[in-house]
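S.K.: Heads up: the protein sequence lines correspond to chains A and B, in order. Per this note's numbering, residue 13 is the first one in the first sequence, and the count goes up by one each step. Per this note's numbering, residue 13 is the first one in the second sequence, and the count goes up by one each step. Following this message is one structure expressed as structure tokens.
2 protein chains.
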Amino acid sequence: MNLRDLSAILGLSQTTVSRALNGFPEVSEDTRARVRAAAELHGYRPSAAARRLATGQSGTLGVVFPRERNLLGDLLFTEFLGGCVEQASDRGYDITLAMASGAQTEESVYRRAVRSARVDAMILSSPLLADSRLELLRSLNMPFIVHGRTTSAVPYPHLDIDNEGAFFQATKLLTDLGHTRIALLNFDKTFNFANDRLNGYLHALSLAGLQRVSALICDSPMIEESGLSDAVRLLDMPVDERPTAFLCSSISQASGVARVARQRGMTVGRDISLIAHDDRLHEMRAETFDPPLTATQSSIGDAGKRLVELLINQLTDNSAPLAAEVWPVDLVVRASTGPVPT
Amino acid sequence: MNLRDLSAILGLSQTTVSRALNGFPEVSEDTRARVRAAAELHGYRPSAAARRLATGQSGTLGVVFPRERNLLGDLLFTEFLGGCVEQASDRGYDITLAMASGAQTEESVYRRAVRSARVDAMILSSPLLADSRLELLRSLNMPFIVHGRTTSAVPYPHLDIDNEGAFFQATKLLTDLGHTRIALLNFDKTFNFANDRLNGYLHALSLAGLQRVSALICDSPMIEESGLSDAVRLLDMPVDERPTAFLCSSISQASGVARVARQRGMTVGRDISLIAHDDRLHEMRAETFDPPLTATQSSIGDAGKRLVELLINQLTDNSAPLAAEVWPVDLVVRASTGPVPT
DNA sequence: TGTCGCTTCCAAAGCGCTTTGGATAATTTT
DNA sequence: AAAATTATCCAAAGCGCTTTGGAAGCGACA
């Protein structure tokens, strides 16, 4: 059942049927209803390929598969992707995945996608502090949006959470509680978000008149194992150097810290304080932690949804202002933080 | 730069250029080389949309997003997806994601994909024991392939690993070592793979003349937490009922078990034996476990790759036999298993 | 010499949609 | 009542590729 068949059945021209279905004004509501009913009845679905060819738009958004693969990263990616797909599907778009692997360099992948017009735009996630992919996409004239931010002279569409503010708040909560030795379990600082978090932390420290202590700052993978080993090292320090509070970039790391604390007979929330960033993954949430975890939280799935929404707006309405959202991050205080033990 | 432009430059017809580029025999190697060079020089890339319209093939494979979301599941999915995308990209195909969410039922999603010819075929993963999606896709006339197996009267293309054989072997290793009380930390048995694993376990038990003990069989999520709580419960049993060996469906669960054992002063590989299935995830591998873990192992990423390969073959060569691969699973013996303590 | 077969190439017809530039009928304005 | 609008609808031209059904050139064979 194609457009021609349908219009033949209806005794209308293809033009009219097409316009009726696509909501153009120059067709009476009467016939529009008739057309809709017939389309429904005969199960008519426009051919995606034909529409693509005619409009020059593919109706497809590309998500680039992360290059760096790790446990938490994969988890975050799935959650993020789920959000993207959900929103895209609601808006009638498809999501396809782009990946640089083996012989294919990142550049060749994008180039191919652009030339063959497979996607209308791309979504980049977790950019580096200085990420060459932006420049590449720009030079290829491929629209894109970034999940996160990066250092770029030129403005670019993005959606990010306020990592710096979040970690500032979290650190400030701890200094306000009297903590003076606060460990930061962060991530590789070539990633922009990790760098932002560090800055927020440092800012709050200096505001409290505290010095930066390098030994208390760890750049480790965001997994439980590293939380564990970092905690062991940190808690093995002499009592007067040992941190009384831990600020983690992920719940996984916090989980490792909590485990070590428990092994040493410490109670989280009393003997040590613990805060983590919570990306609101399925089944890995701060509130079901033991004890319920004070956390800076922001749903990465929602970010995916919104990112797609922004991207589609940008694509369909080219008078739309450049997307540049930075979401504030809530600090939710629960049982894992308390005053510094005396 | 489109085909017309390119053929104009070359002084050839579009037909010839198209054929030269697509490797048809009726064009001399001479001109083929000339055409290729010119295409390369001018950066010609055929429009995906036009080709799709002309051939009726979308060059796109759909992967359905898992409905059940959980920690390990998401990890496995990302790994699987990575394999699919890598292979598809090598073969010039795209992968798009299909997801039933919100208003969209699974059926409506497939129906839309089929009617609008967005995808040539779909990939289903982790099917249930009885999975209605197969029948649905069949009735919609949409080619598909299944990662895993399911109970179906009609043959269907699939690739699976020999879960039953794997768990049979693993269990047999343990009974051969003298273990008589072997715990199975499995997963929800409505999933076919979990059911297969249970069967392999039971088969080996009965071969060793052992009874099935329900208290030793757990159907829990495949995460560390549940490995932990299951292990606590099992090791709290009276000495003469307590399992001396644990067989886990995932490394995560094994990790929980090992942790409990260690807390109780037991040495894994001596006081208790531990085996897990290893899907060869990035950074979660049996050999880097402490101690190195005896495991049944099979790369889920490789499965994704092969699945795509089989699916493309099926699509391009319709004389190809129905794909029906079941991969044997290696049991790799490492330090986590040993004779039953006396 | 005329014909056959082979190689190499081409013109033109789609694929199913969108969109431009009217045309016709109904309504309003002068 | 004629002219100007407006509301509906349509024919036809692409979008850029693949593919069908020849056609031209050329050596070989009878």
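From the three backbone atoms N, C-alpha and C, an ideal C-beta is built for every residue, glycine too.
Please identify the residue among A/ASP248, A/LEU219, A/PRO139 whose C-alpha is closest to the C-alpha of A/PHE205.
M.R.: A/PRO139
S.K.: Using a Cβ-Cβ cut-off of less than 8 Å, give me the residues of the stretch 78-90 of chain A that come near chain B, in sequence order.
M.R.: ARG81, ASN82, LEU83, ASP86, LEU87, PHE89, THR90
S.K.: What are the uninterrupted segments assigned as beta strand (DSSP E) that are 3 or more residues long and contained completely in the stretch 298-331 of chain A, given in chain order?
M.R.: If we require 3 residues or more, the beta strand (DSSP E) runs fully inside the stretch 298-331 of chain A come out as 306-309.
S.K.: For a contact meaning CB atoms closer than 7 Å, what does B/VAL97 contact in chain A?
M.R.: PHE77, LEU109, MET111
S.K.: Consider the Cβ of A/GLU118: report whether some Cβ of chain B lies at a distance smaller than 8 Å.
M.R.: Closer than 8 Å to the CB of A/GLU118 there is not a single CB belonging to chain B.
S.K.: Between A/SER101 and B/MET111, how many whole angstroms is the CB-CB distance? I'm expecting something under 8 Å.
M.R.: For a cut-off of 8 Å, the C-beta gap from A/SER101 to B/MET111 is around 6 Å, short enough to register as a contact.
S.K.: Going by Cα to Cα distance, which pick from A/PHE77, A/ALA178, A/HIS294, A/SER113 is closest to A/VAL344?
M.R.: A/ALA178
S.K.: Could you name the residues of the stretch 286-315 of chain A whose beta carbon sits closer than 7 Å to any beta carbon of chain B, in the order they occur along the chain?
M.R.: HIS294, GLU295, MET296
S.K.: Taking contact to mean 3 or more Cβ pairs, one atom from each stretch, closer than 8 Å, check whether the stretch 289-300 of chain A and the stretch 258-270 of chain A are in contact.
M.R.: The stretch 289-300 of chain A vs the stretch 258-270 of chain A: in contact.
S.K.: What is the residue span of the beta strand (DSSP E) that B/PHE6 lies within?
M.R.: There is simply no residue 6 of chain B to check, as chain B begins at 13 and stops at 354 in what is shown.
S.K.: Please confirm if B/LEU65 has its CB atom under 8 Å from at least one CB of chain A.
M.R.: yes
S.K.: Between the beta-carbon of B/SER59 and the beta-carbon of A/ALA129, is there less than 8 Å?
M.R.: The answer is yes: Cβ separation under 8 Å.
S.K.: Bridge partners for B/ASP342 per DSSP, in chain order?
M.R.: B/GLN309
S.K.: Could you tell me whether the Cβ atoms of B/LEU322 and B/LEU171 are closer together than 8 Å?
M.R.: Going by C-beta atoms, B/LEU322 is nearer than 8 Å to B/LEU171.
S.K.: Would the beta-carbon of A/GLU119 fall within 8 Å of that of A/LEU148?
M.R.: yes
S.K.: So B/ASP231 is in the beta strand (DSSP E); what residue range does that whole segment cover?
M.R.: 229-231
S.K.: Less than 8 Å between CB atoms is the rule here; does A/SER59 satisfy it with respect to chain B?
M.R.: So, interface residue.
S.K.: Residues of chain A with CB closer than 7 Å to the CB of B/ASP106, please, in chain order.
M.R.: Here the neighbours are THR108, ARG130.
S.K.: By how many angstroms is the C-alpha of A/PRO167 removed from the C-alpha of B/ASP106?
M.R.: If you take the alpha carbons of B/ASP106 and A/PRO167, they lie about 30 Å apart.
S.K.: Could you give the first and the last residue of the continuous alpha helix (DSSP H) run that contains B/ALA112?
M.R.: Careful: B/ALA112 lies outside any alpha helix (DSSP H) and carries neither H nor E.
S.K.: With a threshold of 8 Å between beta carbons, is A/SER70 in contact with chain B?
M.R.: yes
S.K.: Quick check: is the beta carbon of B/SER101 nearer than 8 Å to any beta carbon in chain A?
M.R.: yes
S.K.: Apply the 10 Å Cβ neighbour rule to A/VAL97 and answer buried if 16 or more other Cβ atoms are within range, or exposed otherwise.
M.R.: Of the other Cβ atoms in all chains shown, 16 or more fall within 10 Å of the Cβ of A/VAL97; this residue is therefore buried.
S.K.: What does the Cβ neighbour count give for A/SER238, buried or exposed, with the cut at 16 atoms within 10 Å?
M.R.: buried
S.K.: By the three-class DSSP mapping on this structure, what secondary structure does A/ALA336 have?
M.R.: strand
S.K.: Is it the case that the Cβ atoms of B/GLY71 and B/ARG64 are separated by a distance below 8 Å?
M.R.: yes
S.K.: Within 10 Å of its beta-carbon, does A/ASN207 have 16 or more other beta-carbons around it, so buried, or fewer, so exposed?
M.R.: When all chains shown are included, A/ASN207 counts as buried.
S.K.: Using the DSSP secondary-structure output, state which residues sit across from B/ASN198 in a beta bridge.
M.R.: As a beta-bridge residue in DSSP terms, B/ASN198 pairs with B/ASP231.
S.K.: I'd like to know whether the C-beta atoms of B/ALA5 and B/VAL280 end up nearer to each other than 8 Å.
M.R.: In this structure chain B extends from 13 to 354, so residue 5 of chain B is not present and cannot be described.
S.K.: Taking the alpha helix (DSSP H) that A/ALA288 falls in, what are its first and last residues?
M.R.: Note, A/ALA288: premise wrong, no alpha helix (DSSP H); beta strand (DSSP E) at 285-290.
S.K.: Is there a Cβ from chain A that is less than 8 Å from the Cβ of B/ARG127?
M.R.: yes
S.K.: Using the three-state DSSP reduction, which class does A/SER11 fall into: helix, strand or coil?
M.R.: Because chain A here runs from 13 to 354, residue 11 of chain A falls outside it and cannot be looked at.
S.K.: Helix, strand or coil for B/GLY74 per DSSP?
M.R.: strand
S.K.: Pick helix, strand or coil for A/ASP133, following the three-state DSSP scheme.
M.R.: A small correction: the amino acid at residue 133 of chain A is Ala; Asp does not occupy that position in the sequence shown. In this structure, A/ALA133 counts as strand in the three-state DSSP scheme.
S.K.: Does DSSP put A/ASP106 in a helix, in a strand, or in coil?
M.R.: strand
S.K.: Leaving out five residues before and five after A/ALA216 in sequence, what residues of the same chain have Cβ atoms less than 7 Å from its Cβ?
M.R.: PHE180, THR183, LYS184, THR187
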